[in-house]
Structures are given as structure tokens and as C-alpha cells.
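**Student:** Note that the protein sequences, when read in sequence, are chains A and B.
Converting from the first sequence to our numbering requires adding 12 to each position, the first position being numbered 1.
Converting from the second sequence to our numbering requires adding 12 to each position, the first position being numbered 1.
Glycine included, each C-beta is placed from N, C-alpha and C at the ideal position.
After the C-alpha cells below, expect a handful of questions from me.
Number of protein chains: 2
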Amino acid sequence: MDGKFESYFKAAVSVDNVVFGFDHTGLKVLLIYRGADPYRNCWALPGDLISLDTNLIDSAEKVLQDLTGLEEIYMEQIHTFGKVDRHPYGRVFTVAYFALIKIEDYHLHPSSWAEEAAWFPISEIPDLPFDHNEILAFAKEQLKSKIRRQPIGFELLPKHFTLTELQSLYESILETEFDVRNFRKKILSMDFISDTGLKQTSVTHRPAKLYKYNAKRYSNLINTGFAFDL
Amino acid sequence: MDGKFESYFKAAVSVDNVVFGFDHTGLKVLLIYRGADPYRNCWALPGDLISLDTNLIDSAEKVLQDLTGLEEIYMEQIHTFGKVDRHPYGRVFTVAYFALIKIEDYHLHPSSWAEEAAWFPISEIPDLPFDHNEILAFAKEQLKSKIRRQPIGFELLPKHFTLTELQSLYESILETEFDVRNFRKKILSMDFISDTGLKQTSVTHRPAKLYKYNAKRYSNLINTGFAFDL
DNA sequence: CGAATATATTGTAAAAAATACAATAATTAA
DNA sequence: TTAATTATTGTATTTTTTACAATATATTCG
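This is the structure:
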């Protein structure tokens, strides 16, 4: 390569993760309280600059791993943001990912760059630095559209869940309501959610049956041309 | 900023465009014959390194503009590729876009970096440099999934088109076949394709009616909760 | 133990959408 | 006028979606 390319090799690339979690109060996003400049002492999306010797996806996974201590997190690249002035230190492109985690598996895992992390209800997100509010809005739309066509909702629920919980998850994310009977009919007819034979315990009313998602059955269905669509 | 960030600002970012076109022989992709290193004298996706003072989308649009001479091209970001060794000159991330153009509006528009450009049928794509075959495969899947849920197919057709052409477009992209009667019933029931009152000329058989896409009607429908799904 | 409370579970009829299927119409060319 | 070629259209059947409310199972409290 001759010198005419030099001026291009002065950009940085970061990853930013929109980490979703879900509990009985609704959909939540994990934010970190920045302990370093720029935007020290602000809530922001967890992210990091990428070292030149690290693959994109590895970098995104490492951020998540450091933050949550969890392995095998469901992640998906959503969009790359690259406005000229989005970062005060220079030209930084950021590749955004969304991640879905089981909120009850999450244990706070202090890392060197995050003083603190906390779950924020999706409807109570503060002003975020950089273009993080824009990224979050994008991620929310992506999740909404994705969850209707792929069985990824289960990533947000415990291994065993009730149909009421499942319905509530879909209702939160899609911002709509379903008829209880029709929702159950449809979900169960898809044949990849199976009864565990177990029931809820420690509830003060009729306990619900516990179900689990059967990924193997789902991929069998896909191979026969089945298309999930809620 | 202090010196500890310096090592991150040594990456380059490029854009690569997967430009789709369609005619009676099927779906096509526009490739350029590279006149400069690296990979001089290879067919490749049209793309360019991004200057530090250029926004991502502006850069992608400029590549298309220089290549086709067309304005207002339908473009959409699809994915960012960033494997460590994907570029021989250093760490280059590339943001891939797909673009849909009306193939008959396209006139070859020689640009400084492209010696030649040509349409390749989607089934006859040669080996491409970098990870361009991977990018192309990704774009094809994206187009397939997108075209079922958004009325973007019209971007590939002339302003006035026959229902047979429209059906053939969908069949090419989705790699399936539709029943003629059912396809027409469904498309026309969606109410945003209107009869122009015109007919084909210079055909040696019964001429077909010419229709046009009505974007205004489509957005009205969307606002009433309508969801396009083919 | 019975009643009150709370949530879970289930079926059916009507409407809408998807599917399967083939005859007729309009044009040019011979 | 006929042959050739493609365009256009309808209907009956099946499947899916929708709308709608009564009964079941557990706990807690008198």
C-alpha cells in the first residue's frame, strides 16, 4: 500500500450493547454508570472501543461477559452509527448489538470500567450520552420486529415459565394485548413449547403449569417450511 | 483525551453496496471491475473507504451516485463486517448497504475508480475479493426477508409495470411460485397498486394493463395499522 | 371446615383469509 | 380466418383468526 491510504486509517470503532431483561414489571435495559471520560458520571449503554486485533463479535461478547458474567448470551448486530461528530475524541463509528438475558441469572459483576450498572424500565430511560438514545430506540424497534418472527422471547424468560408470563412478555414488547384463549391456542399449536409437568409453587392462588421452550422441535419445524409469526 | 486512546484510532471504515436490479431474465447484481489495488482486476462490490469528515450514509450514497448517476436510490444499511484480516492493508471495517434500482434507468457512468461495471445474474456471481461473497449472501437474505414485509419491490420495476412482471419479481426474489389468480387477488386487495389506464405496446399478444405503485395510499394504510405481508 | 379471593384454564361459533383449481379474453402473426 | 401467445377472472373448500365467559384450582382468612 502506498501513502494515499494513510489518512483513512485514523478512525476508531466501538461496540455498544443494548441489553434487555424482563420481569413481572416489564421490559428493562441494563445501563452502566460511566467511571471514565468522556461523559464520566453519566448513565450510558455498555460498550467499548475495539482493539485492532479483536473481531467485532468477540468484542461485543466480551463487553457482555465482563458486565454480566454470563456465557452464551443471545446477541445480534443491529446497526452501525457513524455520524462525524458523535464522539468528542475523534471519529468513532459504533456497531450496536442487542442482547437478551434472563434477568434472574444476572448478577452484578463489577468490571474495571463500570462503576455501577442498573436496570432501567424501558419507559424510564434517562438522557444518555453520545447517540445512545437513538441506538436504544433503534434496538427497541428491532426487538419488536424480531420477536414476532423468531422464537427469541424465551431468552428473556427463566427456563421454566408460565403461559401467563409468556403472554405478558409479548404484550410488553409489542405494546399490545392478546386474548388469553387465543394466545394460548396459537402458541401451543406451534408445538415447540412443552409442558414440563411442573407447577408454580409459593403462589397464593391456583398455580400455573410450567412450560419450556424446545429449540430442537423449532428447528425441525423450520426445516419443513414452517414460519413463526405471532 | 489522553494518550491511552491513541492505539484505537488506527482503523479504517469502508462502505460496500450490493446493488440489485431486475429485468425479465431475473434478479441481478451490479459489480465493478477494480482498477486499483488491492485486488486490481477483480470483480467486486462497489465500495469506498470513508473519509473522516464524511457521514456513513453520505459515503454510501456517493458511491452509488458516482456509479449510476442516479439520485434518490432506495438504500438500506444491512450489516457491518469486521473480521481482523478481511483487508490486506490494515484493519478495515466495512458497512454494507443494499440498494434497489430500476435497471432501465441505469446508464453506465464511468468513475475514476471503476474501470468497468456490469450486471451479474444472482446465480452467476464469480468469486469476489475480501468477504464480498459473504456480504452478498447476507444482502440476498435481507432482501428476501424485507420484500415480504415492505413494498420495496417497486423500486426494482419501471414506474409502470404489469402484474405479471410484479409476480415474476416476487417469484425471483423469494424463489417460489405463486398462483396467478391468488397473487393478483392479494396484491390488488392491498389497495396501493393502481391501474394507470394504460396498456403494454409492442407486444405480440394480448397486451397487459399497466399499474403503478401508490406510496401515499400505502402510508395511509400503515397509519391505520395495516401490515403488508406477502 | 367453609367462604372469599385470586389467578389459571378451556371451547365454540362466526368471520376472514388462504388455497386449489381452469375457462375465457385480447391481441398479433400467419 | 385461424393459430399462437399471454392476460384476465371466479368460486368452492379449507384453514386461520377472531370474539367472547364460564369453570377449575389453589391459598388465606374467619
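Between the Cα of residue 148/B and the Cα atoms of 196/B, 162/B and 89/B, which residue gives the shortest distance?
**Tutor:** Considering only alpha carbons, the answer is 89/B.
**Student:** Residue 56/B and residue 163/B look like a contact to me (Cβ under 8 Å); what is the Cβ gap, rounded to whole Å?
**Tutor:** Incorrect: roughly 31 Å between the Cβ atoms, too far for contact.
**Student:** Output yes if chain B places a C-beta closer than 8 Å to the C-beta of residue 57/A; else output no.
**Tutor:** No, residue 57/A does not count as interfacial toward chain B.
**Student:** Is the segment 37–52 of chain A close to the segment 45–55 of chain B, with three or more CB pairs under 8 Å?
**Tutor:** In short, these stretches do not touch, since the Cβ pair count stays below three.
**Student:** First and last residue of the alpha helix (DSSP H) that includes residue 108/A?
**Tutor:** Careful: residue 108/A lies outside any alpha helix (DSSP H), inside the beta strand (DSSP E) at 104–112.
**Student:** Can you list, in chain order, the residues of the segment 80–113 of chain B whose Cβ is nearer than 9 Å to any Cβ on chain A?
**Tutor:** Here the close residues are 89, 91, 92, 93, 94, 95, 96, 100, 101, 102, 103, 104, 105 and 107.
**Student:** According to the Cβ coordinates, are residue 192/B and residue 109/B closer than 8 Å?
**Tutor:** No, Cβ-Cβ distance for residue 192/B and residue 109/B is not below 8 Å.
**Student:** What is the DSSP secondary structure of residue 157/B, counted as helix, strand or coil?
**Tutor:** Correct three-state label for residue 157/B: helix.
**Student:** Could you please tell me which residues of the segment 20–32 of chain B, in chain order, have their CB closer than 9 Å to any CB of chain A?
**Tutor:** Those residues of the segment 20–32 of chain B that come within reach of chain A (Cβ to Cβ, closer than 9 Å) are 20, 21, 22, 23, 24, 25 and 26.
**Student:** Considering just the uninterrupted stretch of the beta strand (DSSP E) at residue 88/B, what are its terminal residues?
**Tutor:** 86–93 is the span of the beta strand (DSSP E), which, as asked, contains residue 88/B.
**Student:** Give a yes or no on contact between the segment 77–85 of chain B and the segment 98–115 of chain B, applying the rule of three or more CB pairs nearer than 8 Å.
**Tutor:** Enough Cβ pairs lie closer than 8 Å, so yes.
**Student:** Starting from residue 65/A, find everything on chain B with Cβ-Cβ shorter than 9 Å and list it in chain order.
**Tutor:** Going along chain B in sequence order, the residues near residue 65/A (Cβ under 9 Å) are 96 and 103.
**Student:** Return the CA-CA distance between residue 210/A and residue 221/A, expressed in angstroms with no decimal places.
**Tutor:** Spanning the two alpha carbons is a distance of roughly 6 Å.
**Student:** So residue 190/B packs on residue 183/B, CB below 8 Å; how close in whole Å?
**Tutor:** With a Cβ gap of about 6 Å, residue 190/B and residue 183/B count as contacting.
**Student:** For residue 103/B versus residue 143/B, is the C-beta distance shorter than 8 Å?
**Tutor:** No, they are not a contact pair.
**Student:** If you measure from the beta carbon of residue 238/B to each beta carbon in chain A, is any gap under 8 Å?
**Tutor:** Chain A, which has no Cβ nearer than 8 Å to the Cβ of residue 238/B, makes this no.
**Student:** Which value, in whole angstroms, describes the spacing of the CA atoms of residue 24/A and residue 237/A?
**Tutor:** Cα to Cα, the separation comes out at about 42 Å.
**Student:** What does the alpha-carbon distance come out to for the pair residue 235/A and residue 226/B?
**Tutor:** Approximately 36 Å between the Cα atoms of the pair.
**Student:** Comparing C-alpha positions only, which one of 105/B, 218/B and 39/B sits nearest to residue 131/B?
**Tutor:** Minimum Cα distance to residue 131/B is reached at 39/B.
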